[in-house]
Amino acid sequence: MATYRVTLIPGDGVGPELSEATRRVLEATGVGFDWDVQEAGADVLERYGTPLPDPVLESIRRNRVAIKGPITTPVGSGFRSVNVALRKELDLYACLRPCKWYRGVRSRYEDVNVVIVRENTEDLYAGIEFEEGSPGAKELIEFIAEKTGKRIRDDAGISIKPISVWGTERIVRFAFDYARSYGRTKVTAVHKANIMKFTDGLFLETARRVAEGYADVGFDDRIVDNLTMHLVQRPEEYDVLVLPNLYGDIISDLCAGLIGGLGVAPGANIGEEAAVFEATHGSAPKYKGMNKANPMAMMLSGVLMLRHLGETEAADRLESAIAAVIAEGKSVTYDMKPTRDDPTAVGTSQVADAVIEKLQP
Ligand code: NAD
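Last residue of the sequence shown? That's 374 in the numbering used here, and every number before it is there in order.
Structure below.
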């Protein structure tokens, strides 16, 4: 059997505990892993002078696959988010978030199985902003007045929203390729093309053109506000959603809510060069070192990683084992119990024990 060299970034906060639990269940599938453990985040800031030391990026570039625990964004230290930096440095343009309901998860909805494909590099999150009152903002306001005859107020801050044909083509292709590979039947492009013709309109037009090359997969589109209403009324009607960055951010949290919350929401950031698998949630610093946080979102990110590696059978077994532990409702963390102070809640490592037990033949 193949052994995979994978970068493992334990992260900080509850990251190291969740990573340890995830490493154990991944190894229990029988797939061989040769972990290239790399430290990043708040805990290494003092030692390296940066929360993202060069060897971390080098390791991911070398191995092309990484799984990471959450990393805190230090407030006021002057460092940008390690998570954002990783996405930028490695051009991880696709944020993949499958939102699947498992029997036993407390949620208002059942049978939700939506995959979110969010563009990660463009849109209002491109980081091009002009501060209110700055010379740049003033110049831009004058430029816009001259070109369009429309006057933005002098006391406005401005964020720029770039959406390109190139960026849209690659994310929509990613969504269709994913749909094909995983037997999904429909891709829905999400936009506000009726209002923003030159950005969301371009996104929609480009998505329609790309869709023509995938006649075997269904395609439709939804205006984002209309989608939010539909998702809370009939989430079962959606399959794969492809969205620009901002809508993708919001809708993926909405969908995480539909399937029971952060404890069970896995994810991945994927590019041509590498794929980094990680839970949607953050480092939950208040639970650090307490063996309390739910490792299932990171374990399910591990399932995504196994599928990415082509280890479909092991992925199916691990997913079934996690689903079985959820369905039993016994060896689950506090967040999955009927009340948050339920004394029968178990800890992070006990969830791993229970999943490993289910993996035994
Ligand atoms: P968070 O996701 O860490 O926590 C939000 C809430 O959910 C908290 O009440 C927390 O206790 C709970 N929670 C989160 N994960 C849980 C788990 N696995 N099991 C049980 N409960 C869980 O979000 P936050 O507090 O906004 O962020 C904390 C830090 O994490 C910040 O510095 C933020 O920048 C960072 N962050 C990192 C990532 C990442 O590494 N990809 C993602 C989001 C946030």
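Ideal placement from N, C-alpha and C gives every residue a C-beta, glycine not left out.
Considering Cα atoms alone, identify which of Y251, G43, G284, G28 is closest to Q373. Here residue 373 refers to the residue found at position 360 when the sequence shown is read from its first residue. Taking the Cα of Q373 as reference, the smallest distance to any Cα among Y251, G43, G284, G28 is reached at G43.
Helix, strand or coil for N76, going by three-state DSSP, please let me know. For the purposes of this step, residue 76 is taken as the residue at position 63 of the sequence shown. Helix.
Check for me: the beta strand (DSSP E) holding A287 runs from which residue to which? Numbered from its first residue, the sequence shown carries residue 287 at position 274. Per DSSP, A287 belongs to no beta strand (DSSP E) and is neither H nor E.
With D348 as the anchor, note down where its alpha helix (DSSP H) starts and where it stops. If you number the sequence shown from 1, residue 348 lands on position 335. Counting along the chain, D348 falls outside any alpha helix (DSSP H), and DSSP gives it neither H nor E.
Under 7 angstroms, do Y115 and I369 count as touching if we go by C-beta distance? Counted from its first residue, the sequence shown places residue 115 at position 102. Counted from its first residue, the sequence shown places residue 369 at position 356. Going by C-beta atoms, Y115 is not nearer than 7 angstroms to I369.
Within the same chain, show all residues whose beta-carbon is closer than 8 angstroms to that of L21, passing over the 5 residues directly before and after it, in chain order. Sequence index remark: in the sequence shown, residue 21 carries index 8 (1-based). Closer than 8 angstroms at Cβ, skipping near neighbours: S32, R36, W48, D49, V50, Q51, A79, I80, K81.
Exposed or buried, what is Y17 when buried is set at 16 or more other beta-carbons lying within 10 Å of its beta-carbon? Indexing the sequence shown from 1 puts residue 17 at position 4. Label assigned to Y17: buried.
My assumption, with CB atoms under 8 angstroms, is that A34 sits in contact with P308. Please give the rounded CB distance. Residue mapping note: residue 34 aligns to position 21 of the sequence shown, counting from 1. Residue mapping note: residue 308 aligns to position 295 of the sequence shown, counting from 1. 4 angstroms between Cβ atoms; contact.
I'd like to confirm the pairing. Which residues does DSSP put opposite R131 in its beta bridges? Stepping through the sequence shown from its first residue, residue 131 is reached at position 118. Paired residues: C108, L256.
How big is the Cα-Cα spacing for V88 and T325? Residue numbering aside, residue 88 sits at position 75 when the sequence shown is read from its first letter. Residue numbering aside, residue 325 sits at position 312 when the sequence shown is read from its first letter. A straight-line Cα-Cα distance of about 40 angstroms links V88 and T325.
Given 6 angstroms as the limit, tell me if D348 has its C-beta closer than that to any heavy atom belonging to the ligand NAD. Translated into the one-based positions of the sequence shown, residue 348 becomes position 335. Checking the 6 angstroms criterion, the Cβ of D348 is within range of a heavy atom belonging to the ligand NAD.
From A278, L317, V245, residue whose alpha carbon lies closest to that of D348: As a working mapping, residue 348 is identified with position 335 in the sequence shown. Out of A278, L317, V245, A278 has the C-alpha closest to the C-alpha of D348.
Name the one or two DSSP bridge partners that R235 has. Along the sequence shown, read from residue 1 onward, the residue named residue 235 stands at position 222. Looking at the DSSP output, R235 sits in a beta bridge with V203.
What separation, rounded to the nearest whole angstrom, lies between the Cα atoms of P175 and T346? On the sequence shown, residue 175 is found 162 positions in, with the first residue counted as 1. On the sequence shown, residue 346 is found 333 positions in, with the first residue counted as 1. Rounded to the nearest angstrom, the two C-alpha atoms are 42 angstroms apart.
By Cβ distance, which residues of its chain are closer than 7 angstroms to S283, with the 5 residues on each side in sequence left out? Within the sequence shown, the letter at position 270 stands for residue 283. It should be pointed out that residue 283 corresponds to Ile in this sequence rather than to Ser. Excluding the 5 residues flanking it on each side, I283 has same chain C-beta neighbours closer than 7 angstroms at L105, A107, L109, in chain order.
W48 (DSSP reduced to helix, strand or coil): Mapped onto the sequence shown, residue 48 falls at position 35. Strand.
Check whether the Cβ of N133 lies closer than 6 angstroms to any heavy atom of the ligand NAD, and answer yes or no. Taking the first residue of the sequence shown as 1, we reach residue 133 at position 120. N133 has its CB no nearer than 6 angstroms to any heavy atom of the ligand NAD.
So, G24 versus P83, is the Cβ gap smaller than 7 angstroms? Here the question's residue 24 lines up with position 11 in the sequence shown. Here the question's residue 83 lines up with position 70 in the sequence shown. Against a cut-off of 7 angstroms, the Cβ pair of P83 and G24 comes out as a contact.
State the CB to CB distance for the pair V130 and F187, rounded to an integer number of angstroms; the pair is presumed to be in contact (CB under 8 angstroms). For the purposes of this step, residue 130 is identified with residue 117 of the sequence shown, where counting begins at 1. For the purposes of this step, residue 187 is identified with residue 174 of the sequence shown, where counting begins at 1. Indeed they touch by this definition, with Cβ atoms about 6 angstroms apart.
Report all residues from its chain with a CB closer than 8 angstroms to the CB of T134; omit the five preceding and five following residues, and keep chain order. Taking the sequence shown and counting its residues from 1, one reaches residue 134 at position 121. Counting only Cβ-Cβ distances below 8 angstroms, and skipping sequence neighbours, we find R100, K101, D104, Y106, G180, N258.
Check the DSSP bridge columns for R18 and list the partner residues they point to. To locate residue 18, count along the sequence shown from 1; it is residue 5. According to DSSP, which records beta bridges pairwise, R18 is partnered with D47.
Please return the same chain residues whose Cβ sits closer than 7 angstroms to the Cβ of I236, not counting the five positions on each side in sequence. Taking the first residue of the sequence shown as 1, we reach residue 236 at position 223. So the qualifying residues of the chain are H204, K205, N207.
Beta-carbon proximity list for E142, same chain, < 8 angstroms, skipping 5 on both sides: The residue you call residue 142 lines up with position 129 of the sequence shown. Once the five neighbours on either side are set aside, the close Cβ partners of E142 are G170, I171, S172, I173.
By the three-class DSSP mapping on this structure, what secondary structure does I339 have? Locating residue 339 in the sequence shown gives position 326, counting from the first residue. Looking at I339 - three-state DSSP - the assignment turns out to be helix.
Cβ neighbour criterion (16 or more within 10 Å) applied to Y195: On the sequence shown, residue 195 is found 182 positions in, with the first residue counted as 1. Under this definition Y195 is an exposed residue.
Answer with buried or exposed for E123, where buried requires no fewer than 16 other C-beta atoms within 10 angstroms of its C-beta. Residue 123 sits at position 110 when you count from the first residue of the sequence shown. In summary, E123 is exposed, with fewer than 16 beta-carbon neighbours lying within 10 Å of its beta-carbon over all protein chains present.
So does I283 have its beta carbon nearer than 6 angstroms to some heavy atom of the ligand NAD? Numbered from 1 along the sequence shown, position 270 holds the residue referred to as residue 283. Outside the cutoff, so no.
Report all residues from its chain with a CB closer than 7 angstroms to the CB of A328; omit the five preceding and five following residues, and keep chain order. Position 315 of the sequence shown, counting from 1, holds the residue named residue 328. Same-chain partners within the cutoff: V316, L319, R320.
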